[in-house]
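So the protein sequences, as listed, match chains U and X.
One point on numbering: in numbering that gives the first Met the number 0, the residue at position 100 of the first sequence is 99, and numbering is uninterrupted.
One point on numbering: in numbering that gives the first Met the number 0, the residue at position 56 of the second sequence is 55, and numbering is uninterrupted.
Before any comments, here is the structure.
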Amino acid sequence: MHRGEEQRQGWLFVSPAVIHLAVFALIPIGYALYLSLFKWQLLRESQEFIGLQNYAMSLAESPFWNAMWNSGRYAIVSVPAGMIVALAVAILVNQKLRGITVFRTLFYIPAIASGVAISMLWIYVYLPETGMINTILGSFGVQSIDFLNRAEWAMWALVFMSIWTGLGPRMVLFLAGLLSIPQPLYEAAELDGASRWRCFVSITLPMLAPTTLFVLITSTISALQIFTPVYMMTKGQPEDTTDVIGYHIYSEAWVNFNIGLASAKSFLLLIVIAAISLLQFRLMKKPMEDFSTG
Amino acid sequence: MLRTALSYGLLLGLAGFLMAPFVWMVFVSLHPSRQPIPTLENIIPQDPQWQNYKTVLFDLNLPVDRFFLNSLFVTFSVVILQLLITSMAAYAFARLRFRGKKPLFAVFLGSMMFAGPVTQIPVYLLLRSFAWLDTYYALIVPGISSAFSIFLLRQFFSQIPYDLDEAARIDGASHFNIYSRIIMPLSKPALATAAAFTFFGVWTDFFGPLIYTNSTDMRTLEVGLSIFKNSYGGSNWPLQMTAAVIVLLPLLLAFLFAQRYFVKGILLGGVK
């Protein structure tokens with residue numbers, strides 16, 4: 000077959016996907032950049048070119064920084080906590096026990112559920128007095144707490160729920176990482192008299208570095224964009240303590256209809272996400288290389 | 000021996016913690032509607048109200064059965080169209096040499112990771128200019144290609160031995176024939192994996208349908224459920240939990256059915 004013919008065929012086969020990518024990702028990115036330079040009201044259709052003012056305005060207003068701070072503390076707590084729990088569970092289900100696959104399936108189930116249904120379920124779990132958690136705490140004599148309506152609790156209630164919903168995929172990834180570690184490494188370490196803890200620190204953790212990096216980056220990206228639970232459970236309240244950036248941009252665009260300003264804010268979020276992913280990649284890459292060459 | 004007992008203890012405790020909200024949900028859904036929230040001692044319904052399910056599906060002002068059909072139609076359309084488009088692209092990326100292939104693939108991967116937050120507003124305006132808002136087009140077309148599916152299928156396609164194509168080409172087969180007669184039939188597990196992922200992604204998508212539709216008749220189950228919560232308030236917990244069960248049950252069944260493929264997909268995306 001001719002080289003030119005293969006060229007033509009290649010582009011023919013990818014063309015539907017490329018057109019879709021252009022229309023629903025690439026052109027929208029450019030369009031969003033354009034929008035962000037305008038004072039643009041969705042319903043009034045008034046448009047006024049204002050240059051970078053939307054960016055300056057975003058960076059100068061406290062609700063934007065409050066939302067960034069909320070997303071930051073949500074991600075900084077929920078991602079490491081979720082990863083540690085998932086690794087522990089992966090180690091637990093990485094044992095040759097009868098019925099272990101049933102447990103693996105059960106542990107995955109919270110992750111497949113719809114965000115809206117899960118949120119409704121957890122509103123119920125967190126209810127004061129009669130909710131599941133307060134009932135359990137109450138039996139130990141703890142006073143009822145209205146988790147979702149108390150400024151000092153609401154964010155942590157969302158974090159706790161995210162550990163529950165995020166367990167499945169992270170557990171599966173860590174489990175695959177654990178299964179790919181060559182057994183002779185452990186056998187040799189045991190012959191040398193290494194303790195279980197020593198094996199975990201010196202073999203398991205470094206061998207899991209690539210998996211950990213992947214889980215870290217994908218979890219952080221999705222934590223910074225959390226939306227559905229906030230929309231369903233707290234609407235950013237109480238006292239804007241759960242007004243995370245995903246919800247903040249949503250309100251700016253679809254409640255206030257400031258689509259120019261909202262576009263500028265979404266670009267600022269994009270920059271933060273890209274920078275954090277790059278930083279995590281850089282930070283983790285060095286120890287990974289040291290290990291594989293050393 | 001002690002270790003095994005301890006492991007089972009932990010496993011059962013964890014299973015209890017993860018499953019408790021679901022069990023609670025099913026119990027509450029069977030309590031008489033409009034009753035105060037049952038306490039822990041009374042959580043098991045004395046007289047299970049199965050008619051709650053009939054009430055939610057057919058008797059309320061909200062067309063929950065219509066939401067269900069919308070979700071079904073939209074999800075299946077997206078899955079089928081997406082498999083077609085992404086498998087063709089994956090075939091080109093895995094088995095054909097053409098100029099610009101590497102950078103193009105990088106653009107797909109980059110869009111998968113980073114395009115999310117900025118595209119919501121422009122895509123809305125785009126759909127509005129096509130006059131597609133509040134139609135099935137708005138619910139289906141944005142989802143008919145996915146960089147993740149292309150990536151996943153490409154991984155699988157590149158592992159199929161090349162001798163097969165060579166032999167077919169000597170016999171004069173076209174690329175379309177190789178794609179449709181050799182690669183696709185050999186790739187059923189990978190296609191099932193991509194389909195499972197897409198199914199769950201579309202069925203549980205909330206943001207898109209929330210913004211792109213506004214008439215009640217065009218809502219999917221996921222958005223319909225959120226309306227349900229707002230219109231039936233915090234007061235009627237039994238009916239709310241009934242609605243939640245109705246949304247979750249198809250997902251659970253689909254998961255148990257496609258679990259094998261689902262887990263494989265996570266691994267193909269994660270550990271190359």
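Just so you know, even glycine gets a beta-carbon here, dropped at the ideal spot from N, CA and C.
Leaving out five residues on either side along the sequence, give the residues of the same chain with a beta carbon under 6 Å from the beta carbon of residue i.
i: U/Ser-276; result: Ile-216
i: X/Val-270; result: For X/Val-270, the predicted structure reports a pLDDT of 36, less than 50, and the residue's modelled location is therefore unreliable. The matter cannot be settled from this model.
i: X/Ile-177; result: Asp-164, Ala-167
i: U/Tyr-54; result: Ala-263
i: U/Thr-100; result: none
i: X/Ile-159; result: Leu-185
i: X/Trp-131; result: Ala-137
i: U/Gln-46; result: Phe-37, Trp-39
i: U/Ala-150; result: Pro-237, Glu-238, Thr-240
i: X/Phe-155; result: Ser-186, Ala-189
i: U/Leu-41; result: Phe-256, Ile-258
Leaving out five residues on either side along the sequence, give the residues of the same chain with a beta carbon under 7 Å from the beta carbon of residue i.
i: U/Leu-34; result: Ile-258, Gly-259, Ser-262
i: X/Trp-202; result: Ser-70, Thr-74, Leu-250
i: X/Val-27; result: Pro-37, Trp-236, Pro-237, Met-240
i: U/Gly-130; result: Tyr-123, Val-124
i: U/Gly-293; result: Its pLDDT being 41, under 50, U/Gly-293 is placed unreliably in this model, and the coordinates cannot settle the point.
i: U/Leu-282; result: none
i: X/Pro-208; result: Leu-138, Arg-218, Thr-219, Glu-221, Val-222
Excluding the five sequence neighbours on either side, which residues of its own chain have a C-beta within less than 8 Å of the C-beta of residue i, listed in chain order?
i: U/Gly-81; result: Ser-161, Ile-162, Gly-165, Leu-166, Arg-169, Ser-218
i: X/Leu-195; result: Note that residue 195 of chain X is Ala in the sequence shown here, rather than Leu. Taken in chain order, the residues that qualify are Ala-253, Ala-257, Tyr-260, Phe-261, Gly-264.
i: U/Ile-122; result: Leu-147, Met-231, Met-232
i: X/Phe-129; result: Tyr-136
Between the beta-carbon of residue i and the beta-carbon of residue j, is there less than 8 Å?
i: X/Pro-20; j: X/Pro-237; result: no
i: U/Ile-272; j: U/Ile-225; result: no
i: X/Leu-13; j: U/Phe-159; result: no
i: X/Ser-110; j: U/Ala-274; result: no
i: U/Pro-27; j: X/Pro-121; result: yes
i: U/Leu-315; j: U/Ala-74; result: Past the boundaries of the shown model lies residue 315 of chain U; chain U is included only from 0 to 293, so the question cannot be answered.
i: X/Val-78; j: U/Ala-31; result: no
i: X/Leu-138; j: X/Thr-212; result: yes
i: U/Gly-9; j: X/Phe-97; result: yes
i: U/Met-154; j: U/Asn-93; result: no
i: X/Ser-230; j: X/Asp-133; result: no
i: X/Leu-190; j: X/Leu-82; result: yes
i: U/Leu-269; j: X/Phe-113; result: yes
i: X/Leu-89; j: X/Arg-2; result: Strictly speaking, residue 89 of chain X in this sequence is Ala, with Leu absent from that position. For X/Ala-89 and X/Arg-2, no; Cβs fall outside 8 Å.
i: X/Leu-10; j: U/Leu-91; result: yes
i: U/Met-67; j: U/Ile-244; result: yes
i: X/Ser-179; j: U/Leu-96; result: no
i: U/Gly-114; j: X/Phe-198; result: no
i: U/Thr-104; j: U/Leu-157; result: no
i: X/Met-18; j: U/Phe-12; result: no
Closer than 7 Å by beta-carbon distance: list the chain B residues that pair up with residue i, in chain order.
i: U/Ala-112; result: The chain labelled as chain B is not found among the protein chains of the depicted structure, namely U and X.
If you measure beta-carbon to beta-carbon, which residues of the segment 161 to 181 of chain U are closer than 8 Å to chain X? Trp-163, Leu-166, Pro-168, Val-171, Leu-172, Ala-175, Gly-176, Ser-179
In chain order, what residues of the segment 114 to 129 of chain U put their CB closer than 9 Å to some CB of chain X? Gly-114, Val-115, Ala-116, Ile-117, Ser-118, Met-119, Leu-120, Trp-121, Ile-122, Tyr-123, Val-124, Leu-126, Glu-128, Thr-129
Closer than 9 Å, Cβ to any Cβ of chain X: which residues of the segment 17 to 33 of chain U, in chain order? Val-17, Ile-18, His-19, Leu-20, Val-22, Phe-23, Ala-24, Leu-25, Ile-26, Pro-27, Ile-28, Gly-29, Tyr-30, Ala-31, Leu-32, Tyr-33
Return the residues of the segment 17 to 30 of chain X that lie within a Cβ-Cβ distance of less than 9 Å from chain U, sorted by chain order. Leu-17, Met-18, Ala-19, Pro-20, Phe-21, Trp-23, Met-24, Val-27
Interface residues of the segment 91 to 104 of chain U facing chain X [CB-CB below 7 Å]: Leu-91, Gln-94, Leu-96, Phe-102, Thr-104
Taking 8 Å as the cut-off, does the segment 172 to 189 of chain X touch the segment 146 to 164 of chain X (at least 3 CB pairs, one atom from each stretch)? yes
Stretch-stretch touch, CB-based, cutoff 8 Å, three pairs: the segment 81 to 94 of chain U with the segment 216 to 226 of chain X: no
Mind the definition here: the segment 143 to 160 of chain X touches the segment 49 to 69 of chain U only if three or more C-beta pairs lie below 8 Å; say whether that holds. no
Cβ-based contacts, 7 Å cut-off: residues of the segment 249 to 260 of chain U near chain X: Ala-252, Trp-253, Ile-258
Complete alpha helix (DSSP H) runs within the segment 183 to 227 of chain X (minimum length 4 residues, chain order): 187 to 202, 206 to 211
Would the segment 111 to 127 of chain U and the segment 226 to 246 of chain U be scored as touching if the rule is three or more Cβ pairs under 8 Å? yes
Chain U contacts made by the segment 155 to 183 of chain X, where a contact means CB separation under 9 Å: Arg-168, Ser-173, His-174, Phe-175, Tyr-178
Which of the residues in the segment 260 to 273 of chain U, read from start to end, lie with their CB under 7 Å from any CB of chain X? Ala-261, Ser-262, Ser-265, Phe-266, Leu-268, Leu-269, Ile-272, Ala-273
For the segment 3 to 56 of chain U, which segments carrying the alpha helix (DSSP H) assignment without a break, of at least 4 residues, lie completely within its bounds, in sequence order? 26 to 34
Starting from the N-terminal side, write out each stretch of the alpha helix (DSSP H) that is 4 residues or longer and does not extend beyond the segment 135 to 167 of chain X. 135 to 139, 146 to 156
Along the segment 39 to 53 of chain X, what residues have a CB closer than 7 Å to any CB found in chain U? Leu-39
The segment 224 to 247 of chain U: positions lying closer than 7 Å to chain X by Cβ: Gln-224, Phe-226, Thr-227, Met-231
Near-chain X residues of the segment 138 to 151 of chain U (beta-carbon distance less than 9 Å), N- to C-terminal order: Ser-138
Kindly confirm or deny that the segment 174 to 183 of chain U and the segment 198 to 214 of chain U touch, where touching means at least three C-beta pairs closer than 8 Å. yes
At a CB distance below 8 Å, what residues from the segment 107 to 124 of chain X approach chain U? Give them in sequence order. Phe-107, Ser-110, Met-112, Phe-113, Ala-114, Gly-115, Pro-116, Val-117, Thr-118, Gln-119, Ile-120, Pro-121, Val-122, Leu-124
Quick one: which residues of the segment 187 to 201 of chain X get their C-beta closer than 8 Å to a C-beta of chain U? List them in chain order. Phe-199
Using a Cβ-Cβ cut-off of less than 7 Å, give me the residues of the segment 205 to 237 of chain X that come near chain U, in sequence order. Phe-205, Phe-206, Ile-210, Glu-221, Leu-224, Ser-225, Lys-228, Trp-236
Which ranges would you report for the alpha helix (DSSP H) in the segment 169 to 235 of chain U if only whole runs of at least 4 residues count? 182 to 190, 195 to 198, 208 to 222, 227 to 232
Whole alpha helix (DSSP H) elements within the segment 74 to 112 of chain U, 4-residue minimum: 99 to 111
Extract the residue ranges of the alpha helix (DSSP H) inside the segment 48 to 94 of chain X, only unbroken runs of 4 or more that lie entirely within it. 50 to 53, 63 to 94
Give the residues from the segment 1 to 15 of chain U that approach chain X closer than 7 Å (Cβ to any Cβ), ordered along the chain. Glu-5, Gln-6, Gln-8, Gly-9, Trp-10, Phe-12, Val-13, Pro-15
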